[in-house]
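*Asks:* I'd like to ask some things about the structure below.
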């Protein structure tokens with residue numbers, strides 16, 4: 007049993023020594039942008055069936071292994087039911103950095119993690135009926151919020167895959183949090199454009215993108231850094 | 002490419018499944034509570050009192066809240082969705098007492114299908130003609146036994 011312990015300790019020591027003896031080859035950073043992506047979200051098209059409109063686009067540009075992404079979109083929704091007729095209109099944008107987690111992929115596919123700041127400006131209104139079933143006399147009420155503003159943060163994880171030529175497809179899963187909503191009067195909004203259900207403090211979002219890549223200079227796919235000794239690294 | 006298509010189908014399928022599984026609330030059962038409870042006490046003994054008014058009414062409706070057929074210690078009153086203040090009138094053969102209340106109201110969504118309902122909170126007394134009135138609980142909820150105590 008003691009011998010077994012010595013063998014494990016020796017192996018651990020050797021692995022530490024090995025790790026200390028070798029470092030990754032220093033990579034030359036390339037901060038000059040080389041490609042620009044324009045993406046259109048297709049998930050929002052599903053809402054057309056119910057008469058709502060949700061359009062969303064994304065643009066991003068590369069800096070070394072990083073991207074700067076900007077999203078913009080518009081939502082027009084209406085909802086009616088027993089005693090209410092609601093509508094909401096607004097725009098939103100998001101901006102933030104992303105890091106490519108697979109920069110050495112030969113097909114230029116991308117898995118990226120990002121953080122974004124998002125803001126939405128919108129308005130909504132409702133016609134609300136008090137029915138004869140209520141204690142109060144039958145009455146038509148109207149409420150509106152003309153100048154609503156919401157801000158929130160997003161952590162995103164996305165995947166883009168090259169389909170053919172400059173055409174890519176991909177999706178992004180978003181965790182939206184730290185929502186702050188200003189300008190609410192009596193009527194609580196149902197949905198915040200770009201965020202989702204207004205009553206929730208955090209939500210998940212999903213976008214499915216059709217993407218077009220504009221490459222404006224040749225940038226070879228970088229080779230994976232090799233493990234080298236510290237002496238080689240100094241040279 | 003093949004893997005991506007397969008992965009996409011799995012992700013999309015899972016999302017649609019999750020969306021389909023979202024719990025839809027029972028519209029009538031889960032609507033916010035919109036009434037307050039007022040308990041009546043004897044001003045001298047501070048004991049809960051049992052009272053009967055000829056009628057109790059309020060503006061904004063033709064209906065009476067209570068008549069002389071109702072003998073109670075705790076009266077339940079509805080809040081008015083079309084105003085932030087309201088007054089209740091307590092009428093006997095020899096007197097009319099009034100209590101005017103103020104509250105915050107929000108039109109909050111239960112779900113897209115059920116629509117929004119009024120939620121009330123932060124109950125306050127604006128004016129009254131009783132000997133003494135105090136708000137015991139300003140939250141408006143079905144679990145509250147008494148929001149206001151009236152001493153008369």
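Protein chains in written order, with my numbering: chain R, 7 to 241; chain W, 2 to 153.
Ideal Cβ positions, reconstructed from N, Cα and C, are used throughout, including at glycine.
1) Note down, in chain order, every chain R residue with its Cβ under 7 angstroms from the Cβ of residue 113(W).
2) Give me, in chain order, the residues of the same chain whose beta-carbon lies closer than 6 angstroms to that of residue 149(W); leave out the 5 immediate sequence neighbours on both sides.
3) Taking only the alpha-carbon atoms, compute the straight-line gap between residue 146(R) and residue 84(W) and give it to the nearest angstrom.
4) Could you work out which residues of chain R lie near residue 27(W), taking near to mean beta carbons separated by less than 7 angstroms?
5) Quick one: grab the DSSP three-state call for residue 215(W).
6) Looking only at its own chain, which residues have a Cβ that is under 8 angstroms from the Cβ of residue 40(R), when we skip the five neighbours before and after it?
7) Closest to residue 100(W) by C-alpha separation, out of 110(W), 94(W) and 88(W), would be which residue?
8) Given that residue 107(W) touches chain R, what residues does it touch there, using C-beta distances under 7 angstroms?
9) My understanding is that residue 227(R) touches residue 110(R), with C-beta atoms under 8 angstroms, so please give their C-beta distance in whole angstroms.
10) Would residue 161(R) pass as a contact of residue 121(R) if the rule is Cβ separation under 8 angstroms?
11) Put residue 52(R) into one of helix, strand or coil per three-state DSSP.
12) Can the beta-carbon of residue 157(W) be found closer than 8 angstroms to that of residue 54(W)?
13) Within 10 angstroms of the Cβ of residue 81(R), are there 16 or more other Cβ atoms? Answer buried if so, exposed if not.
14) Quick check: the segment 105-124 of chain W against the segment 64-77 of chain W, are there 3 or more CB pairs under 8 angstroms?
15) Quick check on residue 96(R) - is its C-beta less than 8 angstroms from some C-beta in chain W?
16) At which residues does the beta strand (DSSP E) containing residue 73(R) begin and terminate?
17) For a test of the three-state rule: what should DSSP assign to residue 100(W), helix, strand or coil?
18) Does any residue of chain R bring its CB to less than 8 angstroms from the CB of residue 79(W)?
19) When you compare each of 107(R), 217(R), 72(R) and 134(R) to residue 170(R) by their alpha carbons, which one comes out closest?
*Replies:* In short, the structure shows the following:
1) As a position in the second chain, residue 113(W) is number 112, starting the count at 1. Going along chain R in sequence order, the residues near residue 113(W) (Cβ under 7 angstroms) are 85 and 196.
2) Counting from 1 along the second chain, the entry for residue 149(W) is found at position 148. For residue 149(W), the CB contacts under 6 angstroms within the same chain, skipping 5 residues up- and downstream, are 39 and 136 in chain order.
3) For the purposes of this step, residue 146(R) is identified with residue 140 of the first chain, where counting begins at 1. For the purposes of this step, residue 84(W) is identified with residue 83 of the second chain, where counting begins at 1. Looking at the two C-alpha atoms, the distance is approximately 13 angstroms.
4) Position 26 of the second chain, counted from the start, is the residue given in the question as residue 27(W). Here the premise fails: no neighbours, minimum Cβ distance about 14 angstroms.
5) In the structure as shown, chain W starts at 2 and stops at 153, and residue 215(W) therefore has no counterpart that could be examined.
6) Indexing the first chain from 1 puts residue 40(R) at position 34. Closer than 8 angstroms at the Cβ level, and outside the excluded window around residue 40(R), lie 68, 221, 222, 223, 224 and 225.
7) In the second chain, counting from the first residue as 1, residue 100(W) sits at position 99. That would be 88(W), whose Cα lies nearest to the Cα of residue 100(W).
8) As a position in the second chain, residue 107(W) is number 106, starting the count at 1. The answer, in chain order, is 192 and 194.
9) For this step, residue 227(R) is matched to residue 221 along the first chain. For this step, residue 110(R) is matched to residue 104 along the first chain. 7 angstroms between Cβ atoms; contact.
10) Your numbering for residue 161(R) matches position 155 in the first chain. Your numbering for residue 121(R) matches position 115 in the first chain. Taking 8 angstroms as the Cβ cut-off, residue 161(R) and residue 121(R) qualify as a contacting pair.
11) Walking along the first chain from the start, residue 52(R) turns up at place 46. Correct three-state label for residue 52(R): helix.
12) Outside the shown range of chain W, which is 2 to 153, sits residue 157(W), and nothing can be said about it.
13) In the first chain, the residue the question calls residue 81(R) occupies position 75. Looking at its Cβ environment, which holds 16 or more other Cβ atoms inside 10 Å, residue 81(R) is buried.
14) no
15) Residue numbering aside, residue 96(R) sits at position 90 when the first chain is read from its first letter. Taking Cβ atoms only, chain W never reaches closer than 8 angstroms to residue 96(R), which makes this a no.
16) Here residue 73(R) corresponds to residue number 67 of the first chain, with the count starting at 1. Element bounds for residue 73(R): 72-87.
17) By 1-based counting over the second chain, the position of residue 100(W) is 99. If DSSP states are grouped into helix, strand and coil, residue 100(W) belongs with the strands.
18) Against the second chain, residue 79(W) aligns to sequence position 78. True, the Cβ-Cβ gap to chain R drops below 8 angstroms.
19) Taking the first residue of the first chain as position 1, residue 170(R) is located at position 164. Among 107(R), 217(R), 72(R) and 134(R), the Cα nearest to that of residue 170(R) is on 217(R).
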